Structure formats: structure tokens, C-alpha cells
Amino acid sequence: MSAETQKETLGFQTEVKQLLHLMIHSLYSNKEIFLRELISNASDAVDKLRFEALAKPELLEGGDELRIRLSFDAEANTITLDDNGIGMSREETIAHLGTIAKSGTADFLKNLSGDQKKDSHLIGQFGVGFYSAFIVAERVEVFTRRAGLPASEGVHWASKGEGEFEIATLDKPERGTRIVLHLKKDESEFANGWRLRNVVKKYSDHIALPIELPKEHLGKEEDKPAEPEWETINRASALWTRPRTEVTDEQYKEFYKHVSHDFDDPLTWSHNKVEGKLEYTSLLYVPNRAPFDLYHREAPKGLKLYVQRVFIMDQADEFLPLYLRFIKGVVDSNDLSLNVSREILQKDPVIDSMKSALTKRVLDMLEKLAKNDPEQYKNFWKAFGQVLKEGPAEDFANKEKIAGLLRFASTAGEGGEQSVALADYVSRFKEGQDKIYYLTGESYDQVKNSPHLEVFRKKGIEVLLLTDRIDEWLMSHLSEFDGKQFVDVARGDLDLGNLDSEEDKKAQEEVAKEKEGLVERLKSALGDEVAEVRVSHRLTDSPAILAIGQQDLGLQMRQILEASGQKVPDSKPIFEFNPSHPLIEKLDAEPDEDRFADLSHILFDQAALAAGDSLKDPAAYVQRLNKLLVELSA
1 MSAETQKETL
11 GFQTEVKQLL
21 HLMIHSLYSN
31 KEIFLRELIS
41 NASDAVDKLR
51 FEALAKPELL
61 EGGDELRIRL
71 SFDAEANTIT
81 LDDNGIGMSR
91 EETIAHLGTI
101 AKSGTADFLK
111 NLSGDQKKDS
121 HLIGQFGVGF
131 YSAFIVAERV
141 EVFTRRAGLP
151 ASEGVHWASK
161 GEGEFEIATL
171 DKPERGTRIV
181 LHLKKDESEF
191 ANGWRLRNVV
201 KKYSDHIALP
211 IELPKEHLGK
221 EEDKPAEPEW
231 ETINRASALW
241 TRPRTEVTDE
251 QYKEFYKHVS
261 HDFDDPLTWS
271 HNKVEGKLEY
281 TSLLYVPNRA
291 PFDLYHREAP
301 KGLKLYVQRV
311 FIMDQADEFL
321 PLYLRFIKGV
331 VDSNDLSLNV
341 SREILQKDPV
351 IDSMKSALTK
361 RVLDMLEKLA
371 KNDPEQYKNF
381 WKAFGQVLKE
391 GPAEDFANKE
401 KIAGLLRFAS
411 TAGEGGEQSV
421 ALADYVSRFK
431 EGQDKIYYLT
441 GESYDQVKNS
451 PHLEVFRKKG
461 IEVLLLTDRI
471 DEWLMSHLSE
481 FDGKQFVDVA
491 RGDLDLGNLD
501 SEEDKKAQEE
511 VAKEKEGLVE
521 RLKSALGDEV
531 AEVRVSHRLT
541 DSPAILAIGQ
551 QDLGLQMRQI
561 LEASGQKVPD
571 SKPIFEFNPS
581 HPLIEKLDAE
591 PDEDRFADLS
601 HILFDQAALA
611 AGDSLKDPAA
621 YVQRLNKLLV
631 ELSA
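Read the sequence shown against the UniProt record's numbering and you will find it ends at 634, with the numbers running on by one and no gaps.
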């Protein structure tokens, strides 16, 4: 190679420095994974070349035998990994090896605790690929040239992983990337053919192109060939094309780590070959934990797309709906053309059929997990429950199926754990019950102590407690399950149907008639702060509550709209009072209309606070309360 030119020293992005620090201080007890990560990157580079060469065959530069080569020099204590994939330009090298252009970086670093064991899991979620080389190497060199660029535009990158890297231009006749690891003294075990062969078999056997190692000659030195003879040390066939009976669980797990760049094992997976009208193979995985960028709109999502085993694109998000964006895996189709683009994918009717079938497959996989391994399903729910809740609004065809996978806290549970399935709730219906009751709110403590639950406690009726920000929006798209209607216990005029006896209903009518005068006085005192005043059938212990109008937005939806800067429609609550409560009896007997008005407003504001709402005029509330306290102490 010719002399280097345009040599400069640049600093790593701050986030990279922090990651490297964690890496180099042996975050992983399992150091050999560095090789898996580097081979995985090399495989991606070859896939990208294969795809780009479909439109520009000249990128192959006359060499279409794609492979990864691994060699070592025990004397120099180095390992070299060489691929003839797409390679990198100078700008790409700086961008890919000097920065982490991934949304969620800040979240990742914020979550680091300093506890190495915990942090290793966080790094595993983040997927740091190339930087894992510094676990075993004291210095790393990269020689690369992007396919299609002249030999004179080769790049040499080098770093000790301490805060800066050198980059220079040099001649590189062949395209692709060669990485040289100068091993630390105590990592010389890896400069060994037997060791490298074992690591490749363990972690990278599934890679769908040859990984080659020089043949070792046991004869005399003078009998060795001048050029090394290479032998393939992996199976070099796409794992998803093999029959399921030939693939071990360990191989499935390692392949997941390759496609997802995750360090954890997946929760579960589904491998399926479809033949007939449509022909395709899918291998879908449910991750063990959520990535940091799950809620970043621009975050990469989707499956790896292959057509007849040729890699076409990463993150093909047309095959699954957005609420299943956490699913990883590959889909390999025989029905799409090799030059398929994102634009064509969006219009192709074949994609709609595949999307529908793959969505059903994922939901079936989750149903199976929930049924066969409830503990693992709990882990899934903690990681991805809120995303799955987007489903009923997005996927009308599978609404019932998704609803069956949802989990909620309820008055029958302890500590707010979201573990109640709707089928379980329905199985516990009281005699005469034909509706699913729920209550939304800001927090578990707030909803479990809500006055709206008093009549349900008295009658022993279970109520679902919904406290995720998305819950009210979810319920606006979920009207029933298993033919049973959902009822928000804080909305409209509560009708318990057959759960109320005829005597109860008659008594309620009589009390309402008897308190008509008090209703009118309260309407007059509260004025335009309320839409309506009525006698409550929900309360047993509290004096008053605020109910939401049947068509009005609840507190959660109002807050979401306000946070996004949208106009919130005007609505007024319904004031309900408990006629048998001592405070209401005293209020009814109060002859002074001014004092009656003050007491009415105090009860109204207290009901708003109990509902988790903020007061429109806290100063007026405090003033009235102080005035009342002075009167009582006089």
C-alpha cells in the first residue's frame, strides 16, 4: 500500500468515549462475543453490497465471490477480519466509527448506574457492535474502501479507544473492510486457529456466507504453500431456509442476536414456511426487553427483507403494523422482484396479504406465550404492553385478538400489577353482571381510592384500574370484548343493570324525587361550573363526586391534548351527591344561601381533587375553607 495522505486526528463523540470506557473495563465476562459482533457487521456489509449491485453490477468490480476471511498472527498477537462487502468512504468511516447516530443515546447514558453487572445489560440493549473490539484489543486498525470508489480513496482508521482516532487516505486496491485487532497481552488466547474456529461455530454458524480461515499445515515449513489455502468453517447457509428440526434453540438465539444487534436472548420465536398462492419464509422474534428508542418515531423498525435469499433491505416496516414494531426477524419472499423498492412495497397487494398473515402469526405467538408461560408473558407485558395497547385503534380486524392479550390492574389485585386478562375478568362476573367495568386515572393509588368505586366495593364487583397515559384513548377504540360492553364507572349516569335489585331501583327513584329541592339549590349555587347536578347511586362513604359526561373527554385525554398543544373542547362535569352523608344532610339544612354556596363550592373542589384534577381557582378554595374553619372554631 502507498504512503498515507490527508492524515488527521479526531476526537470521539462524548457518548462513544463513555461506551468505550465501559467496554475496555471488561464489562463483559464473556469476551468472545467481540468476534460475533465484528462478523455480524461484516455480514451486513456484504449484504449491502449484494443489494446495491442489483442496480449497479459494476460495484462488484469483477469479484462476485462474497466472503468473510479470518486470520491470526500468534507472533504479532493480532487477529485480522477481512470482508469484501460494501466498504466505507472517508466520511462514512468518521460517521460510523466516531459517533453513535442512534436515537436514545442520551436515555441510555442516563440509565447507567455504575454497577457493572446492571450496566452490561443496558449496553446489551443498546447494541454497540464495532466498539466491542476494544474488549480484547489495545489498538484497532481499519483499512476500508467503498465499492465503486477508486483505489486511491482507501481509508486507514486507527485508535487505542481512549478518546481519539487517527484517519488517513491510502491506496486500497480491493473493496471492502479489513479490521486488525492488536490484542492485549492477556488476550493472546484468541490468536489461535482452534479458538477462533470454536467461537465462529458457536456464534456465527448461521451467517449465510462463507467465513474462511487459513488451513493449518502440520508438515515442514518449506512444504507450506506461498499463499494461504482458505477453508470455510461455518455452514454458510441462511438459517431460516433450514428445516426447523435441524436448527437448535441455541442457533435460533444466536441468529436473533445477529439480526437484532441485541445481546440478550429473545423471549420466544416463530419459524414458518408458507407455500401455495404466496411463497415466503418468516422467522420472527419477540425481544426480552424494550430498546431505548421504542417510542422515538424515527427509530429504525421492521424486518430484514430477503428475496430468494438475497438481502434487499433492513427495517422493512411494511410487513407488520406499527403496534408490533418491537418484533425482530427476517422475511424471505419468492413472490417479490429482486429490484423491489420501498415505494413498490407500499403499493404491492402481495405485501398486504403477507402483512395480514405475519400479524396473525405474531399475535398467535403471543397468545401461546401467555398460555404456556405466564411468567414470561409478564416480562413481555412490562416491556411492550403500552405499545400493544396501540393495537385496537390501528388494527380493526384483530381487535378482539389484541384485547385478549391486554393486561390490567384491578380491584381484585394487589399493588397495581397489570396481570388481569379480560377473559379472567369475565370469568369472575357476579350473577346478573353483563358489563366490564373500568376506571381511568393518573396513578394506581388515586384510582384504587376513588369514590367512584364505593358502590362496586359494597356489591363486591371487580373494576379494572387503568393508569397508563394511553388507556383512555385505548378504551375509546375498544367498545366490547367477548360480546360484553365496557363501561367507564366515572362516566355518564351509572346503570348497574341487573346488579341492582328492583327494590334498590325503586329506593333510588324515591330519594331522587325527595331531593329535587336540594338539586335545584346546588344548581343555583354552582352555576356554570357544572353541566348537571343529581343524586348519586355510586357513593356509600363520600359526600360528592364529579362524573364525566357520556361524550366528554376524560382527564387523561385532556392532558394528552394539552401537552401536544391542541385545543381541548370545553366540557363541564356532572356533580353527584350522596344524600345520606352527614355533610350533605347539614348542607340541605343550611338556611343561609351565601354559606350554602361556600359549602357547595368546597364540596365541588374536593370532588375535583379526588378525581385527580387540578383546581381552577385554588386561592378561592383555600379562602372558603379558612372561612369555614374560623366559623367552626369560633
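Glycine is no exception: its CB is placed at the ideal position from the N, C-alpha and C atoms.
It should be emphasised that the depicted structure is a prediction, and the values quoted were computed from it without experimental measurement.
Extent of the continuous beta strand (DSSP E) to which residue i belongs
{"i": "PHE51", "result": "Unbroken run through PHE51 is the alpha helix (DSSP H), 33-55; no beta strand (DSSP E)."}
{"i": "GLN315", "result": "310-316"}
{"i": "ASN272", "result": "268-274"}
{"i": "GLU166", "result": "164-170"}
{"i": "SER427", "result": "From DSSP, SER427 is part of no beta strand (DSSP E) but of the alpha helix (DSSP H) over 422-427."}
{"i": "ARG534", "result": "532-535"}
{"i": "LYS328", "result": "328-333"}
{"i": "THR5", "result": "5-11"}
{"i": "ILE436", "result": "435-440"}
Beta-bridge partners of residue i, as assigned by DSSP
{"i": "TRP230", "result": "PRO214"}
{"i": "GLU414", "result": "Paired residues: none, contrary to the question."}
{"i": "PHE481", "result": "LYS484"}
{"i": "HIS156", "result": "PHE143, ALA168"}
{"i": "THR281", "result": "LYS273, ASP332"}
{"i": "PHE190", "result": "Per DSSP, none; premise fails for PHE190."}
{"i": "LEU499", "result": "Answer is none; LEU499 lacks a bridge partner."}
{"i": "GLY527", "result": "Beta-bridge pairing links GLY527 to no other residue."}
{"i": "LEU464", "result": "SER410, TYR438"}
{"i": "PHE577", "result": "VAL535, ALA544"}
{"i": "LEU81", "result": "LEU70, ILE179"}
Neighbourhood of residue i by C-beta, 6 Å cutoff - its chain only, sequence neighbours within 5 removed
{"i": "ASP471", "result": "THR440"}
{"i": "PHE380", "result": "LEU267"}
{"i": "LYS48", "result": "ILE86"}
{"i": "residue 636", "result": "The chain is shown only over 1 to 634; residue 636 falls outside these bounds and no answer can be derived."}
{"i": "PRO77", "result": "Before going on, a small fix: residue 77 reads as Asn here, not Pro. Around ASN77: LEU183, SER188, ALA191."}
{"i": "LEU35", "result": "VAL199"}
{"i": "ALA611", "result": "LEU546"}
Own chain residues within Cβ distance below 8 Å of residue i, not counting five before or after
{"i": "GLU8", "result": "GLU166, ILE167, ALA168"}
{"i": "GLY404", "result": "GLU367, ALA421, LEU422, ALA423, PHE481"}
Range of the contiguous alpha helix (DSSP H) that encloses residue i
{"i": "PHE604", "result": "593-610"}
{"i": "ILE351", "result": "349-372"}
{"i": "LYS627", "result": "618-633"}
{"i": "VAL511", "result": "502-514"}
{"i": "TYR444", "result": "444-448"}
DSSP three-state assignment for residue i, whether helix, strand or coil
{"i": "GLU75", "result": "coil"}
{"i": "ASP395", "result": "coil"}
{"i": "GLU141", "result": "strand"}
{"i": "HIS296", "result": "coil"}
{"i": "HIS182", "result": "strand"}
{"i": "ILE584", "result": "helix"}
{"i": "ASP488", "result": "strand"}
{"i": "VAL247", "result": "coil"}
{"i": "LEU406", "result": "coil"}
{"i": "LYS304", "result": "strand"}
{"i": "LYS572", "result": "coil"}
{"i": "THR540", "result": "coil"}
{"i": "ILE470", "result": "coil"}
{"i": "ILE344", "result": "helix"}
{"i": "ILE68", "result": "strand"}
{"i": "ALA95", "result": "helix"}
{"i": "VAL455", "result": "helix"}
{"i": "VAL16", "result": "helix"}
{"i": "GLY385", "result": "helix"}
{"i": "ILE135", "result": "helix"}
{"i": "GLY161", "result": "coil"}
{"i": "GLY62", "result": "coil"}
Residue i: CB within 8 Å of a non-hydrogen atom of the ligand FAD
{"i": "VAL519", "result": "Within the structure as shown, the ligand FAD is missing, as the structure has no ligands at all."}
Sequence-distant residues of the same chain with beta carbon closer than 7 Å to residue i, five excluded per side
{"i": "LEU54", "result": "LEU338, ASN339"}
{"i": "SER103", "result": "Note that SER103 scores a pLDDT of 43, beneath 50, so its modelled location is shaky and nothing firm can be said."}
{"i": "ALA370", "result": "TYR377, LEU405"}
{"i": "ARG67", "result": "ASN84, LEU209, PRO210, GLU212"}
{"i": "ILE94", "result": "LEU10, ILE167"}
Is it the case that the region 196-213 contacts the region 250-262, given that we only count it when at least three CB pairs across the two stretches are under 8 Å? Enough Cβ pairs lie closer than 8 Å, so yes.
Closer than 8 Å is the cut-off here; do at least three beta carbon pairs connect the region 323-334 with the region 278-293? Contact holds: three or more Cβ-Cβ distances are below 8 Å.
Count the CB pairs spanning the region 358-371 and the region 309-322 that are closer than 8 Å, and state whether there are at least three. Yes: at least three Cβ pairs fall under 8 Å.
Would you say the region 415-428 touches the region 464-481, given that touching needs at least three Cβ pairs under 8 Å? Contact holds: three or more Cβ-Cβ distances are below 8 Å.
Okay, do the region 535-554 and the region 461-469 touch, 3+ Cβ pairs below 8 Å being the bar? Output reads no: the region 461-469 does not touch the region 535-554.
Just checking, does the region 387-407 make contact with the region 452-462 on the three C-beta pairs under 8 Å criterion? Too few Cβ pairs lie closer than 8 Å, so no.
Counting beta carbon pairs with one atom in the region 511-530 and one in the region 587-598, are three or more of them shorter than 8 Å? Yes: the two stretches touch, three or more of their Cβ pairs being nearer than 8 Å.
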